[in-house]
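Note that the working numbering has the sequence shown beginning at -16, numbered continuously upward.
Where a beta carbon is used, it is the ideal one built from N, C-alpha and C, also for glycine.
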Amino acid sequence: MNLLNEFIVRTLPLVPKKIVRHFASRYIAGERLEDALALVKKLNEQRKLATIDVLGENITSKDEAIKALKAYKLVLNKIKENNLNSDLSIKLTQLGLKLDFDFCYANVEELVKLAKEYNNIVEIDMEDSSTTDATIEIYKKLKSKYDNVGVAIQAYLKRSESDIKALLPLKPRIRLCKGIYIEPETIAFKKRELINHNFKHLLNILFQSEAYICIATHDDELINEAYRLIKEYNLKDERFEFQMLLGVRPELGNKIVSNGYKLRIYVPFGEHWYAYSMRRFRENPQIAGYVFKAIFTKNSF
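Here's what the structure looks like:
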């Protein structure tokens, strides 16, 4: 299967965009906010939560960042207006992180304040390692003032244990994921068994803390370990949730829900779907395999 996944990824750049769009449609809501809202409504009807992401990152001007800020604010407004059970996921490089730290912070704080008014949450995605320090610094500043903001931590980074321990006094909301960006072996675990080992180790640390834990994985081994730890520590529902990408292993997501656990689906939308799709496929060929299988087996979300 690994060879098939890699073959799919290698051939995708040769495939017409229209066909790639069909291939990627399993895990991208569409190009318009209305597409995402309609999909979130369906997910809510299936007892699933959502987090909406406006596709795009690494903008090059403050005007682009302001445009992204307006798009994010519209998402929060529409979630409220439609009474949807969804929060908002953001990327700091889309809000000007690589242009001006203070400018970016002000943009994010504006979103967090608005979300607070709406009794909602802003989740800060973690991007490549060049942004890790600044992302954590922004999260710390925000969390010292607001309780409705979370941050992602990537288990494949060797620094993540120290990052988590530094955040624990803040009683953080942490999305623990494996990590998808290509990083050098000097700072990141490369082998699946090492990444999984660290994921379990970090999960154990978080479960013993006062953090709210978002368990973001499609890996049976890690989900089963999460089940075990939840029972071992007798964790209540208000302490954790599971998270998955839209369209990836929907049958597993349905099982998590049927087992009585909260599940939040990451719902990306926007005009930058192609770049997002190609990066996802290139950096994690297994996802390409999951989506490829889903298309031809006609699994529902």
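- Closest by C-alpha distance to D116, out of Y244, R142 and I62, is R142.
- Of the candidates I163, Y129, L(-14) and V231, Y129 places its Cα closest to the Cα of L153.
- Looking from the CA of I42, the closest CA among L52, L67 and K0 belongs to L52.
- The C-alpha of K126 lies about 18 Å from the C-alpha of L78.
- Within the DSSP secondary-structure output, Y10 pairs in no beta bridge.
- By the Cβ test, the stretch 178 to 187 is not in contact with the stretch 229 to 238, since fewer than three Cβ pairs between them sit closer than 8 Å.
- With a 10 Å radius around the Cβ and a threshold of 16 neighbouring Cβ atoms, E106 comes out buried.
- In this structure, the CA atom of L38 is about 15 Å from the CA atom of R9.
- Under the three-state reduction of DSSP output, V231 falls in the coil class, being neither helix nor strand.
- As DSSP reads the structure, C87 sits in no beta bridge.
- Nearest to V240 by C-alpha distance, out of L26, L150 and V58, is L26.
- For S69, the enclosing beta strand (DSSP E) covers residues S69 to I73.
- Residue state for D220 is assigned as helix, using DSSP reduced to three classes.
- Per DSSP, reduced to three states, the secondary structure at P251 is strand.
- F225 carries a strand assignment under DSSP once its states are collapsed to helix, strand and coil.
- For a cut-off of 8 Å, the C-beta gap from S72 to D36 is around 4 Å, short enough to register as a contact.
- Taking a contact as a CB-CB distance under 8 Å, the pair L16 and Y55 does not count as one, their CB atoms being some 11 Å apart.
- In the three-state reduction of the DSSP assignment, Y195 falls in the strand class, which pools E and B.
- Excluding its 5 nearest sequence neighbours in each direction, K245 has C-beta neighbours in its own chain below 8 Å: L32, D220, F223, E224 and F225, listed in chain order.
- One alpha carbon belongs to R(-7), the other to I178, and they sit about 24 Å apart.
- By alpha-carbon distance to I136, the top candidate from N242, K1, K161 and W256 is K161.
- Contact annotation: K45 and F86 have beta-carbon atoms nearer than 8 Å.
- Cβ contact annotation for R30 (same chain, cutoff 6 Å, sequence separation greater than five): V240, in chain order.
- In the DSSP annotation of this structure, D36 is not part of any alpha helix (DSSP H); the continuous beta strand (DSSP E) holding it starts and ends at L32 to V37.
- Contact between Y257 and K0 is confirmed by a C-beta separation of about 6 Å, below the 8 Å threshold.
- Taking L212 as reference, the option from E47, F182 and E234 with the minimal CA-CA separation is F182.
- Note that the C-beta distance between T114 and L140 is not below 8 Å.
- Scanning F84, K148 and V250 for the CA closest to the CA of A48 turns up F84.
- Look at A135 here: in three-state DSSP terms it is strand.
- For C197, the CB contacts under 6 Å within the same chain, skipping 5 residues up- and downstream, are R158, E224 and Q226 in chain order.
- A straight line joining the alpha-carbon of K63 with that of E168 spans about 43 Å.
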